[in-house]
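Each protein sequence line maps, in turn, to chains Z and H. In terms of the working numbering, the first sequence opens at residue 1 and continues consecutively. In terms of the working numbering, the second sequence opens at residue 432 and continues consecutively. Backbone N, C-alpha and C fix where the C-beta goes; we use that ideal spot for every residue, glycine too. Input: a single structure, listed below in structure tokens.
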Amino acid sequence: MERLIEKAAQRGCTAEVFSSSAVENTVEVNDNQLKNLKSTDTHDTILRVIRNGKIGLASSSRPNDGDNLLKNAMDTSEFGTEAAFTFPEPAKLPQPEIYDPTLESLSIEELVHIATSLAAELQKEDPHILAFTQVSRVYSEYHLANTSGFDASFKKTLFAVVAAVNLTEGSNMLSIYDFRLGTHRDFGLAALIERVLTDFRIARRNVALAAGEYPVIMSPEAMGNLLRPIIACLDGRAVVKGISPWKDRLGEKMFDETFSLYDDGTIARSISSGYFDSEGVPMQRTALVENGVIRNYLLNLQTAAQLKMAPTGNGSREGGNSPIPGTTTLTAPAGQTSIDDMIKGIKQGILVDQLMGAWAGNPYTGAINGNIALGYKIENGRRVGRVKDCMFSINAFEGFKSQFLGCSKELIKTPNAVLPYFLFDKVNISG
Amino acid sequence: MKETILRALAESDVDYCEIRLEESDRTMISFRGPVLESCDRSAELGGNVRALYKGAWGFTSFNDMSDLPEKVRLACRQAHITGTLKNGRSQLAPAPIVHDNVALEVIQDPRDVSLADKVALLGKYNKLMLDYHEAIKSTSIYYFDEYRQITFANSAGTYIVQEKSDLGCNITAIASNGTLTTQRTTSAGGSNGFQVVPRLEDAIKKSCRIAVDLLAAEPVKGGQYTVILDPDLAGVFIHEAFGHLSEADEVADNENMKKLMTLGTRFGPEILNVYDSGIEPGHRGVAKYDDEGVAMQRTPLIENGILVGRLHSRESAGKMGEKPTGSARALNYNFPPICRMRVTYIEQGQTAFEDMIKGIPLGIYAVGAYGGETNGEMFTFTAAEAYMIRDGNIAELVRDVTLTGNLMTTLKNIEMIGNDKYLQDSAGGCGKGAQVPLPTCEGSPHIRIKNVTIGGVK
Chain Z
1 MERLIEKAAQ RGCTAEVFSS SAVENTVEVN DNQLKNLKST DTHDTILRVI RNGKIGLASS
61 SRPNDGDNLL KNAMDTSEFG TEAAFTFPEP AKLPQPEIYD PTLESLSIEE LVHIATSLAA
121 ELQKEDPHIL AFTQVSRVYS EYHLANTSGF DASFKKTLFA VVAAVNLTEG SNMLSIYDFR
181 LGTHRDFGLA ALIERVLTDF RIARRNVALA AGEYPVIMSP EAMGNLLRPI IACLDGRAVV
241 KGISPWKDRL GEKMFDETFS LYDDGTIARS ISSGYFDSEG VPMQRTALVE NGVIRNYLLN
301 LQTAAQLKMA PTGNGSREGG NSPIPGTTTL TAPAGQTSID DMIKGIKQGI LVDQLMGAWA
361 GNPYTGAING NIALGYKIEN GRRVGRVKDC MFSINAFEGF KSQFLGCSKE LIKTPNAVLP
421 YFLFDKVNIS G
Chain H
432 MKETILRALA ESDVDYCEIR LEESDRTMIS FRGPVLESCD RSAELGGNVR ALYKGAWGFT
492 SFNDMSDLPE KVRLACRQAH ITGTLKNGRS QLAPAPIVHD NVALEVIQDP RDVSLADKVA
552 LLGKYNKLML DYHEAIKSTS IYYFDEYRQI TFANSAGTYI VQEKSDLGCN ITAIASNGTL
612 TTQRTTSAGG SNGFQVVPRL EDAIKKSCRI AVDLLAAEPV KGGQYTVILD PDLAGVFIHE
672 AFGHLSEADE VADNENMKKL MTLGTRFGPE ILNVYDSGIE PGHRGVAKYD DEGVAMQRTP
732 LIENGILVGR LHSRESAGKM GEKPTGSARA LNYNFPPICR MRVTYIEQGQ TAFEDMIKGI
792 PLGIYAVGAY GGETNGEMFT FTAAEAYMIR DGNIAELVRD VTLTGNLMTT LKNIEMIGND
852 KYLQDSAGGC GKGAQVPLPT CEGSPHIRIK NVTIGGVK
């Protein structure tokens, strides 16, 4: 890695090398049967250069492919974007707890045992259901070095367990799933089984729902869909290009003052945490919306420099090789009410657990339309059955302004968020 | 290499074993607004071994190719762990033993077009959009091309080297009036060369006009409507609403799904014919062989409204006593092949567009796709552009049109099928589990469906 940096410097470039590697073991039980045991051992190196003020970039998974990387990066720099930034210097890095050494001692046989015994527990519920379980363990390592002297690395683990039951009766298909995940194996599975089976028992009964406006509780997972337009508008690229409606609106109150949203790459044991982002900027906690006021954008090096602001540690390579602004762990403050009490407080409403297709559409209008893939009708304070074949519609911008009623006190970990349940009033349901 | 691969396979001690090695080179170019946002090249070298023992699989993928026999031993060891526990029967449908070397068949090899020429052409499109109207505040262009060489060998003796080309391009005009931002995308793609990228100017100008016009459009009123889908959106509809259900790996071990998907069951009206084909020249998702070395084919799924086929891997076909269809596809070397679509389409019908729209007092004409999703039972997708139909005529443009429904009832609600089939390629792809985006293509004639639920805020 150092040699590649040196070689690039000799060619008159400033440069950065980001390498990552991952070793993953996954066991899958599908349709009640142990089907697959997977292992992957992968690595990838990305070289980014700035030559004559322009960015060039190349990646390779071939071992010892330095010369080819350098050639490709030099070639693409001919056409590259003007770099508004310089590579960051060494900085004090946060060191959230994200590595669980005990995961190493977990044998493949034990992973298989967890997946199969979990499936067996779920199958006890009903001979007609098909259980799906998946257990994964991942070790990953990230290393970044650049010509400004930054040279750091960190290791991370991931442990994830997915449990699902599927039931097809006639043309009625029901799928209930839940998961536990984190960088540590610090959770038991009894609660996971209990949650899946409780939901299954309720959702097995389909109930009718008239179109209309209802109070709706959104699960932390379904909330990802509602936050998408907000994230899209806070994306530094949308701000730079002027397509975000919130350009020049930092400090303005846009939402109800009870709504706050943070991006936090330093939460202990969250799988999206790290020491630094994929450009060598220290991970941090960033207030995006605080008490209804827009506080910050999601910025990588390039967009931060273009906006003359500080980068927020959100340089992400999730979508490709070029770092773009991306979230780490989205989180919102917990409320006062338990989810059970939230349900108890609703006379006639819906709990939306999963939305389908709500990610599609133009995010900048705030419009969210999704099919309720899994939702429960609430009647007189309890979930009475599953609602189907109906569409959920809300405008996220309006929703957080005038329909938002509060959050649960429980915070739930999803792959890229730690969020409570959210309650909205007068949500439009058609179908 | 061949010797090494065959020697490694010879060491396998399972019911079936295969090795798949991939080498690929990819170029990506993106524009956002007036500037070129990124221009990258990536090179991949990787492989996997998949082993089947007593009905369960072991799979290992890697970048380090140095010790192939050890990878085979690892995959076999994993298969022994799962297979011994499962103690089932390995059921792979028979497939011919193939020895083949499939050279690239392209009209204009993307690798022969210089990076400078690609950047210049896309830059020209970008400028065309930015200059089109003052309301076009930004743009987004995503282009990629990829060359891939895949070597596949299995313990039965098949050995195939296959070259593939893939290319996709999405060109989006983004209009804004300060409070509202709207967009419309022009797409192109294919498996046989760069020639699909030039000469898109007219289509791009049309997209610009729609993006600008959408600024003045009102959101649609939610409710139930008779809907006409254009070929692009109808293609996404059949992909989402039916295509995924025909993937047999979701059916083979699910007795209730087998009942639901019994061949001979009526799924739609007499006029409905649906195919999934791996032999439509030039479209994305097409190849001579799938990732199990089975020749791709045109697979009838629905004929005259009746379910007649499904998309098989060797395992799903073996379990169901049917024939493999060349539908076992993997995103890349990090994944095992699973049942996937290739080019999915509704076959051409009889009805002219004028006859389709005639007689609809209040409906929606939905054009172009902005993504879709299914969970097997219900589907949803969003139109890129949509118009109200009033008294049999196309009326005002409306926005935020998302269609949803139960797939069984919606297929039966298809009333008319047009005489104007078109297959649409794009830079997008299909997702199933973690394997996304897999190159696929879809298409259809215009179709008319009654009682479609459209979401929308009142």
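Asked: Residue interval of the alpha helix (DSSP H) (run including Z/Val196); Found: 190-203
Asked: The alpha helix (DSSP H) enclosing Z/Cys13, as first and last residue numbers; Found: Unbroken run through Z/Cys13: none, as it is neither H nor E.
Asked: Proximal chain Z residues relative to H/Ile512, where beta-carbon distance stays under 8 Å; Found: Leu37, Ile108, Glu109, Val112
Asked: Straight-line gap, Z/Ala310 to Z/Asn321 (C-alpha atoms, nearest Å); Found: 22 Å
Asked: The stretch 484-497 of chain H in contact with the stretch 519-535 of chain H per 3-pair CB rule at 8 Å; Found: yes
Asked: Within 8 Å, strictly: CB atoms of H/Val550 and H/Val829; Found: no
Asked: Presumed contact (8 Å Cβ cut-off) between H/Asn585 and H/Ile572, rounded CB distance; Found: The pair is not a contact, with the Cβ atoms about 41 Å apart (cut-off 8 Å).
Asked: Close beta carbons around Z/Ile243, own chain, < 7 Å, minus the five adjacent residues each side; Found: Tyr364
Asked: Neighbour-count burial assignment, H/Thr610, 16 or more Cβ in a 10 Å radius; Found: exposed
Asked: 4-residue-minimum alpha helix (DSSP H) runs that sit fully inside the stretch 778-837 of chain H, ordered along the chain; Found: 784-788
Asked: In chain order, each alpha helix (DSSP H) run of at least 4 residues that lies wholly inside the stretch 639-679 of chain H; Found: 662-672
Asked: Own chain residues within Cβ distance below 6 Å of H/Glu827, not counting five before or after; Found: Met819
Asked: Opposing strand residues paired with Z/Leu4 [DSSP bridges]; Found: For Z/Leu4, which the question treats as bridged, DSSP gives no partner whatsoever.
Asked: C-alpha distance - Z/Asn369 paired with H/Gly886, whole-angstrom precision; Found: 6 Å
Asked: N- and C-terminal bounds of the alpha helix (DSSP H) containing Z/Val352; Found: Where Z/Val352 is concerned, there is no enclosing alpha helix (DSSP H), although the beta strand (DSSP E) it sits in stretches over 348-356.
Asked: Residues bridged to Z/Lys377 [DSSP beta-bridge criterion]; Found: Z/Ile350, Z/Gly385
Asked: When H/Val658, H/Ser443, H/Ala441 are compared against H/Ile788, the one with the closest alpha-carbon; Found: H/Val658
Asked: Chain H contacts from the stretch 158-189 of chain Z (Cβ-Cβ distance under 9 Å); Found: Asn166, Leu167, Thr168, Glu169, Gly170, Ser171, Asn172, Met173, Leu174, Ser175
Asked: Neighbour list for H/Arg745 in chain Z, Cβ cutoff strictly below 9 Å; Found: What H/Arg745 touches in chain Z: nothing, since even the nearest Cβ is about 15 Å away.
Asked: Beta-carbon spacing of H/Leu762, H/Gln866 below 8 Å; Found: yes
Asked: Contact with chain Z by H/Asn765, beta-carbon distance below 8 Å; Found: yes
Asked: Cβ contact check for the stretch 869-882 of chain H and the stretch 763-783 of chain H: 3 or more pairs under 8 Å; Found: yes
Asked: Under the three-state DSSP convention, the category H/Met692 falls into; Found: coil
Asked: Residues near H/Asp576 by beta carbon distance below 6 Å, same chain, minus five either side; Found: Thr458, Pro541, Leu598
Asked: Residues bridged to H/Tyr590 [DSSP beta-bridge criterion]; Found: H/His530, H/Ala584
Asked: Inter-residue Cα distance where the pair is H/Met560 and H/Ile567; Found: 7 Å
Asked: Chain H contact for Z/Trp246 (CB, 8 Å cutoff); Found: no
Asked: 8 Å contact criterion, which H/Ile669 and H/Thr775 should meet: CB distance rounded; Found: 6 Å
Asked: Z/Gly12 at chain H interface by Cβ criterion, 8 Å; Found: no
Asked: Test: Z/Phe79 CB closer than 8 Å to a CB of chain H; Found: yes
Asked: Candidates Z/Tyr297, Z/Leu167, Z/Ile271: closest to H/Lys690 by CA position; Found: Z/Leu167
Asked: Against chain Z: residues of the stretch 544-560 of chain H by CB proximity under 8 Å; Found: Leu546, Ala547, Val550
Asked: CB contact check: H/Ala487 to chain Z, cutoff 8 Å; Found: yes
Asked: For H/Ala474, three-class secondary structure by DSSP; Found: strand
Asked: Near-chain Z residues of the stretch 462-489 of chain H (beta-carbon distance less than 7 Å), N- to C-terminal order; Found: Arg463, Gly464, Val466, Leu467, Glu468, Ser469, Cys470, Asp471, Arg472, Ser473, Ala474, Glu475, Leu476, Gly477, Ala487, Trp488, Gly489
Asked: Endpoints, alpha helix (DSSP H) assigned at Z/Arg228; Found: 220-234
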